[in-house]
Amino acid sequence: MRTRSRSRYKIAEPLRIEFPSQEDQFQEDPPKVPMADNRTMAQLLQAPTEGYEDAIVILETAATNFELKHGLINLVQNKQFFGHEDPHAHIRYFNKITSTMRVPNFFTPSKTTNLRNKITRFQQRFDESFSEAWDRFNDLLRACPHHGFFELHQLDIFYNALNVNDQDSLNSAAGEFFLDKMPSDCLKIIESKSKVRQSRAKAVITKVNSSSSTPAISSDVVELRDLVRALLLDKKNQSSAPAPAPSPTPAPVKAVESNCVTCGGGFIGSHLCEKLMNETNHTVLAVDVYNDKIKHLLEPESAPWTGRIQFHRLNIKNDSRLEGLIKCSDLTINLAAICTPADYNTRPLDTIYSNFIDALPVVKYCSENNKRLIHFSTCEVYGKTIGSYLPKDSPLRQDPAYYILKEDTSPCIFGSVEKQRWSYACAKQLIERLIYAEGAENGLEFTIVRPFNWIGPRMDFIPGIDGPSEGVPRVLACFSNNLLRREPLKLVDGGESQRTFIYIKDAIEAVLLMIENPARASGHIFNVGNPNNEVTVRQLAEMMTQVYSKVSGEDSIETPTVDVSSKEFYGEGYDDSDKRIPDMTIINKQLGWNPKTSLWDLLESTLTYQHRTYAEAIKQAIAKPTAN
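Residues 1182 to 1809 (the working numbering) are what the sequence shown spells out, left to right.
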């Protein structure tokens, strides 16, 4: 919902001209809409478009004297009906204006808007039972008595805010799809289910005396009995049904229909497209300049996902087709970026343009077309840790409060301007702030992802094989290249920096949860990493040598390490952070996600892929100069 300007001026003593019949025409509270309609919830929630021309009645104004409320007049004038707008939307907005202005002494417009937003954005918490969610939802309604939502829309908001299990429970109790019932029946089902007080963490067992016949609880017992019977019958039908043939897991009820993935042919994009094809019913518009890493998804015509993925070869920074692709998608996932450390201080202009200027159209099109956006940022926006500025012998350097990075509290600390290594982090932080402002001011529905070293097959490139010979990929690909060529592993500034690494498949699980749980993910910034896989770069080099020895079948590999300066390796203007350890509280609370794969296992999977893909090609490349 886009914000609208409100009058900043208040009249201390408005002109008041009394007229007795005015109060008879307008009621203080809108009448409560009865729920005796025989239509189902799904039918009622569809706005009619025909046959309602005569339903709008213009009352004759018998009054000539009335109170002038200038703030209300300004709001109404700013939202006049000219005949080409949706009349239902206009009436809803008019009701909103009149309700927010009714009790200004107790509910200012901003307070009312905030309370209404809490209702519309209500979402069942991860560890919250059905009855607790229903009680909390009703508390929100009571907190804003003039919220303006009819019971029909209250039921719709609450149902769609539930987790999949509780939605299935309501569907089972209804004997069909819950929204196919009439509103009055839906309300009865919810109230009956809410009387079953139980927690997700602890079972509640109640002993019932069969000889008791207390009239006060008989109706509750009957309702509970009917609910349990419905649940048991549904479970019995599921268990007796024949097992279906193996097929990709369908997406949950709330799944979006179409996703536009920019940089869909890259490392993260290829794994995300795989996940969406194999485990959901989503359609994907993959946007990139290359598609080498997703050819296996595009070519086989007999694949079960045929027709659900399209590749569009374009560059987001100068192609007018981008807006059209975003318009026809429910969700845009922006992965496009220059994100190789060697480029940050050697190509600072390209880095800033790619990560800020080129991302502006994506944000703009999503905001203007009311499309949801998942934007990939970086853990580098945190910059340096507070602990890195303390004396080296200070015990506080080991205090997690000084180096654990939290989305909502950790400061962003960068080096001086001449340290152009921070061009990437600054550009990423600025686009984050722009997205956040679009959400606050224009209602953009967004989620921001901060990856912490995602590792896995198809990551980066091997210089001279599928990338430039002089190219410098990220640390894992650099070490892989050294191991494949039996060259010393270069440790920048001694390899003392501490990092965490997470397996790409674990990370993509987190992204899928963001896609399919918009109410829990929207408006949030998420760290996505694995704090359990913390090592220094030197320790990483040693572990990779051991793992590669295993996957290559060689008993021992003589690949020593050698220390090099950051200036020698990356060039002038390089700077770095001493630690990057993510706090995982927010993503665990909102999405219930935790990483699973150990550092050894993710290195084994990655190096196995690297060895199978590149070992023979590198042998041939090394042999050619010798033969010549």
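Cβ coordinates follow ideal geometry from the N, Cα and C atoms, glycine included. Only a predicted model underlies this, so the values are computations on that prediction, with no experimental measurement involved.
At which residues does the beta strand (DSSP E) containing Arg1614 begin and terminate?
Taken as a continuous stretch (DSSP letters only), Arg1614 belongs to no beta strand (DSSP E), being part of the alpha helix (DSSP H) at 1604 to 1623.
My parser needs the alpha helix (DSSP H) runs of 4 or more residues fully inside the segment 1535 to 1569; what are they?
1541 to 1549
For my contact list, Lys1552 and Leu1506 are in at a C-beta cut-off of 8 Å; report their separation, rounded to the angstrom.
Actually they do not touch by this definition, with Cβ atoms about 10 Å apart.
Less than 9 Å between the beta carbons of Asn1499 and Ala1540, yes or no?
no
Once the 5 residues before and after Ser1548 are set aside, which same chain residues still bring their CB inside 7 Å of it?
Glu1619, Asn1623, Leu1625
Looking only at DSSP bridge pairs, what is Ser1439 linked to?
Thr1464
Could you tell me whether any Cβ in chain E is nearer than 9 Å to the Cβ of Asp1647?
No chain E is present in this structure, which holds just one protein chain.
At least three beta-carbon pairs within less than 8 Å, the segment 1781 to 1789 to the segment 1601 to 1621:
no
Those residues which DSSP pairs with Asn1708 across a bridge:
Arg1631
Do you know whose CA, among Arg1220, Cys1441, Pro1522, His1328, lies nearest Asp1641's CA?
Pro1522
So Thr1559 packs on Cys1520, CB below 8 Å; how close in whole Å?
7 Å
How would you label Asp1687, buried or exposed, when you count the other beta carbons within 10 angstroms and need 16 or more for buried?
buried
Measure the alpha-carbon distance for Phe1359 versus Ser1312 and round it to whole angstroms.
17 Å
Sort Ser1569, Ile1585, Ile1696, Ile1799 by Cα distance to Thr1766 and report the nearest one.
Ile1585
Quick one: residues in its chain with C-beta nearer than 8 Å to the C-beta of Leu1321, no 5 flanking neighbours on either side, listed in chain order?
Leu1296, Lys1299, Ile1300, Phe1303
9 Å Cβ cutoff met for Leu1670 and Ile1799:
no
DSSP-derived helix/strand/coil call for Leu1495:
coil
Name the residue from Pro1268, Asp1589, Val1377, Thr1443 whose alpha carbon lies nearest to the alpha carbon of Glu1504.
Thr1443
Ile1567 versus Tyr1583 - alpha carbon distance:
5 Å
Going by beta carbon distance, what residues of the same chain come within less than 6 Å of Ser1569, once the five residues before and after it are set aside?
Asp1759
Cβ separation of Ser1678 and Val1718, assumed to be a contact under 8 Å, to the nearest whole Å
5 Å
Classification of Gly1637 by the beta-carbon crowding that lies within 10 angstroms, buried from 16 upward
buried
To the nearest angstrom, report how far apart Leu1571 and Phe1595 are at their CA atoms.
15 Å
Look at Val1630 and Ile1706 and say whether their C-beta atoms are less than 9 Å apart.
yes
Where do the ends of the alpha helix (DSSP H) carrying Thr1726 lie?
1718 to 1733
According to DSSP, is Leu1512 helix, strand or coil?
strand
Around the C-beta of Lys1362, are 16 or more other C-beta atoms found within 10 angstroms, so that it is buried, or is it exposed?
buried
Can you tell me the Cα-Cα spacing of Lys1388 and Val1377, whole angstroms?
Caution applies to Lys1388, whose pLDDT of 37 falls short of 50 and renders its modelled position unreliable; the model cannot decide the point.
With a threshold of 16 other CB atoms inside 10 Å of the CB of Leu1478, please say whether the residue is buried or exposed.
buried
Please classify Lys1573 as buried or exposed, where buried requires at least 16 neighbouring CB atoms within 10 angstroms.
exposed
Take the Cβ of Ala1621 as the centre, count every other Cβ of all protein chains shown within 10 Å, and call the residue buried at 16 or more, exposed below.
exposed
When burial is assigned at 16 or more other CB atoms within 10 Å of the CB, is Lys1818 buried or exposed?
The question about residue 1818 has no answer here: the residues shown for the chain are numbered 1182 through 1809.
Which residue comes first and which comes last in the beta strand (DSSP E) that contains Ile1689?
Segment 1685 to 1697 is the alpha helix (DSSP H) holding Ile1689; no beta strand (DSSP E) there.
Assuming Thr1221 is part of the alpha helix (DSSP H), what are its boundary residues?
Taken as a continuous stretch (DSSP letters only), Thr1221 belongs to no alpha helix (DSSP H), as it is neither H nor E.
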